[in-house]
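Participant: Here it is: the structure, laid out below.
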Amino acid sequence: MDNLAKNNSKSSRTARLGFRVTSHQEALIRKAAEVTGKNVTQFVLNSACEAAENALIDQRIFFTNNKKYRAFLNALEKPAEVKPKLQKLMRSTAPWEK
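The opening residue of the sequence shown carries number 165 in this note's numbering; numbering runs sequentially from there.
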């Protein structure tokens, strides 16, 4: 993924963002930055860019030819296949919920 936050060149950073947080949010962000080996700026910038990319990913337009489009529509129209192992997994309790 082409993460905008990967461009760490300080000379290319010309814009500034500022926002207020609660003391709890600040502590949480500082701790997360620490455990990931980043400073707060790196952590917040990487996290914000990742969230922005994820928000935008569904907004992209995809182009294809008629043959591939028809194959895509046909795949959407097919009834779902029953997968017994998947059904069993979905009925089971997650390990962290036990």
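Where is the CB? At the ideal position from N, CA and C, for every residue including glycine.
Just so you know, these numbers come straight off a predicted model, no measurement behind them.
Compare the C-alpha of K195 against each of F183, V208, R184 and name the closest.
Facilitator: The sequence position of residue 195 within the sequence shown is 31, counting from 1. Closest by alpha carbon: V208.
Participant: Thinking C-alpha only, which one of L250, Q251, L181 is nearest A212?
Facilitator: Reading the sequence shown from its first residue, position 48 is the one you call residue 212. Looking at the Cα atoms, L181 is the closest of the given residues.
Participant: What are the boundary residues of the alpha helix (DSSP H) that includes P248?
Facilitator: If you number the sequence shown from 1, residue 248 lands on position 84. Segment 248–255, the alpha helix (DSSP H) holding P248.
Participant: At 4 residues or longer, what runs of the alpha helix (DSSP H) sit wholly inside the region 176–251?
Facilitator: Qualifying alpha helix (DSSP H) stretches, in chain order: 187–199, 204–221, 230–241.
Participant: In chain order, what residues of the same chain lie with their CB nearer than 8 Å to the CB of F226, ignoring the 5 residues before and after it?
Facilitator: For this step, residue 226 is matched to residue 62 along the sequence shown. Once the five neighbours on either side are set aside, F226 has no close Cβ partner at all.
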